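According to the working numbering, the residues represented by the sequence shown are 17 to 380, in order. Don't be surprised by glycine CBs; every beta carbon is placed ideally from N, CA and C. No experiment lies behind these values; they were computed from the predicted model shown. Worksheet: the structure to be examined is printed underneath.
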Amino acid sequence: MLNENFPVKMFLGRGCLKNNSDLFSDFGKKCLIVTGKSSAILSGALKDVTDIFEISCISYEIFDEVEPNPLTLTCKKAGELAASINADFILGIGGGSVLDASKAIAIFASNPDLSHSKIYERAIPSAHLPVILIGTTSGTGSEVTGVSVLTNADTGLKKSISGKDCYAEVVFGDYTYTMSTPEDVRISTALDAFSHAVEAYLSSTENSDVLYFSSRALSYLKKYITSGSFSLLNDEDYESLYIASVYAGLAINLAGTCFPHTVGYYLTENYGIPHGRACAAFFPVFAARAKKYCPERFEAILKILDTDEKTLIENIIRVTDINIKIEKSEAQRISLRWKNGVKNFDRTPGGFTYKDAESALLSL
Ligand code: NAP
Ligand code: ZN
């Protein structure tokens, strides 16, 4: 199902990094390792990488300043560092924020005249350093998408860039690196994978591949979404959650996401709600539209999850667990941001307008 046009070489499973360590030398002798504050260390991935680099005589510097919802300015700063040390490639170790930042850093490294916010214009040379990614969360699927979501440091707004230059060359998907995630991160990232799977499955851009990838993701997520339990996980649980995130990533890479992702960005920007919870907060509204405009596909999802509509919605609300009330004046003001239309709205079952976004914000 992944044809020759899919550019990412992916290794999956416990030990996949060590088992393929000879591959790094193909990318050069100098690397900028990109991380957040602690996940690369806590997961054990950084130590595994630096051990390999020492044996392979690859020198490296570490940029550990990537924040959740990475800022364009941070990526620009790291891109300059990569250029100044003549890095041959970028290696990102972390959750979706670090993986997305790594993609942007690789672009900035090769385009020294590109200012931080100009990265959105996409009229830039697509030259970029090769990117290798090691994921430490089971959610975004950024490992397999040609997308990078960045926060514009000028406006504070989240916006994605996409294209051939946003794919990794190589991904090591070892679920054991996700085992150090705190429970709240595990829940939010699983909700992100769930949102990807349902939004892609129910989008107007679905096709047979999308339905396949989404249903695989939902099958792997079923146990956790329907029980709401993300604690006391064993090896197999972590593996299932990681595989789910990869399948869901493959689904959105083909179909895109729907309105919950766009409107969810506002909850992250303004209320600091983590990405997965912010998207899942709109599931009840999304499910109601799906039931109305594509009932067969909605029923198919319930069947895969072996549940009914009421139970599923109650479970998602309980697991999402956000407590925000938005006033009418705020909802009206914010929804104007989407007045000129958004691709994610067009893909939403039945279509979606900025007025619908206002109602969705009021539904929280
Ligand atoms: P994240 O923002 O990458 O990480 C959240 C927190 O979890 C951070 O504090 C991080 O620590 C910590 N963490 C990550 N892995 C850990 C581990 N193994 N052990 C302990 N702590 C760990 O969260 P995310 O949900 O994975 O990524 C969200 C971002 O991805 C958002 O910006 C979202 O918009 C984007 N996204 C991108 C795509 C795409 O296709 N590109 C799709 C969906 C979402 P550190 O700070 O130390 O790293
Ligand atoms: Zn997402």
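Identify the residues that DSSP records as bridge partners of isoleucine 148: which are they? In the DSSP secondary-structure assignment, isoleucine 148 is bridged to Leu107 and Val186.
Heavy atom of the ligand ZN less than 7 angstroms from the Cβ of serine 113, yes or no? No, since every heavy atom of the ligand ZN falls outside the 7 angstroms radius drawn around the Cβ of serine 113.
Buried or exposed (CB count within 10 angstroms, at least 16 for buried), glycine 110: The residue is buried, with at least 16 neighbouring Cβ atoms inside 10 Å.
Heavy atom of the ligand NAP less than 7 angstroms from the Cβ of histidine 144, yes or no? No; taking the cut-off as 7 angstroms, the Cβ of histidine 144 has no heavy atom of the ligand NAP nearer than that.
Report the residue from Leu149, Val160, Leu173 and Gly108 whose alpha carbon sits nearest the alpha carbon of serine 133. Checked all of Leu149, Val160, Leu173 and Gly108; the closest Cα to serine 133 is Leu173.
Please state if the CB of valine 186 and the CB of lysine 25 are separated by a distance shorter than 8 angstroms. Yes, the Cβ-Cβ distance between lysine 25 and valine 186 is below 8 angstroms.
Taking the continuous beta strand (DSSP E) assigned at phenylalanine 79, which residues delimit it? Looking at the DSSP string, the run of the beta strand (DSSP E) that includes phenylalanine 79 is 75-79.
beta-carbon cysteine 295 near the ligand ZN non-hydrogen atom, thresh 7 angstroms: Shortest gap from the CB of cysteine 295 to any heavy atom of the ligand ZN: under 7 angstroms.
Work out the CA separation of isoleucine 68 and serine 37 for me, nearest whole Å. C-alpha of serine 37 to C-alpha of isoleucine 68: approximately 6 angstroms in a straight line.
Keeping to the same chain, check which residues put their C-beta closer than 6 angstroms to that of phenylalanine 299; ignore five residues upstream and five downstream. Contacts found: Ile332.
Quick one: Cα of threonine 278 to Cα of serine 211, how far? Roughly 12 angstroms separates the two Cα atoms.
Contact set for alanine 143: own chain, Cβ-Cβ below 7 angstroms, skip 5 residues either direction: Residues of the same chain with a CB within less than 7 angstroms of the CB of alanine 143, apart from the 5 flanking positions on each side, are Ser126 and Asn127 in chain order.
Taking its Cβ as the centre, do 16 or more other Cβ atoms sit within 10 Å of serine 41, making it buried, or is it exposed? Label assigned to serine 41: exposed.
Measure the alpha-carbon distance for tyrosine 228 versus glycine 95 and round it to whole angstroms. Their backbone Cα atoms lie some 37 angstroms apart in a straight line.
Let me confirm a value: proline 23 is counted as buried when at least 16 other C-beta atoms fall within 10 Å, else exposed. Which label applies? Using a 10 angstroms sphere on the CB of proline 23, the tally of other CB atoms stays under 16, which defines it as exposed.
Does any CB atom of chain C fall closer than 8 angstroms to the CB of threonine 66? The chain labelled as chain C is not found in the depicted structure, where only one protein chain is given.
Counting C-beta neighbours from all protein chains within 10 Å, is the total for threonine 193 16 or more, i.e. buried, or is it exposed? Checking the displayed sequence, the identity of residue 193 turns out to be tyrosine instead of threonine. With 16 or more other Cβ atoms from the protein chains shown falling within 10 Å of its own Cβ, tyrosine 193 counts as buried.
Between arginine 313 and aspartate 190, is the Cβ-Cβ spacing less than 8 angstroms? No, the pair does not count as a contact, with Cβ atoms beyond the cut-off.
Indicate, with yes or no, if the ligand NAP has a heavy atom lying under 7 angstroms from the CB of serine 158. Yes, the ligand NAP has a heavy atom inside 7 angstroms of this Cβ.
Simplified DSSP state of leucine 62, which is helix, strand or coil: It is helical.
Which residue comes first and which comes last in the beta strand (DSSP E) that contains serine 176? Residue range 174-178 is occupied by the beta strand (DSSP E) that includes serine 176.
Between aspartate 181 and the ligand NAP, is the CB less than 7 angstroms from at least one heavy atom? False, no ligand heavy atom lies under 7 angstroms from that Cβ.
Phenylalanine 22 - DSSP class collapsed to helix/strand/coil: If DSSP states are grouped into helix, strand and coil, phenylalanine 22 belongs with coil.
Between the Cα of serine 154 and those of Glu199, Asp170 and Ile78, spot the shortest distance and give me the residue it belongs to. Ranking Glu199, Asp170 and Ile78 by Cα distance to serine 154 puts Glu199 first.
Through-space distance from glutamate 325 to glutamate 81, alpha-carbon basis: About 42 angstroms.
At a cut of 8 angstroms, does the stretch 207-227 reach the stretch 259-277 through at least three beta carbon pairs? Cβ pair count under 8 angstroms is three or more, so yes.
Valine 163 bridges to which residues according to DSSP? DSSP output for valine 163 lists Ser178 as bridge partner(s).
Reduced DSSP category for isoleucine 329 - H, G, I as helix; E, B as strand; rest coil: The answer is helix: DSSP assigns isoleucine 329 an H, G or I state.
Can you tell me whether isoleucine 340 is helix, strand or coil according to DSSP? Note: isoleucine 340 maps to coil in three-state DSSP.
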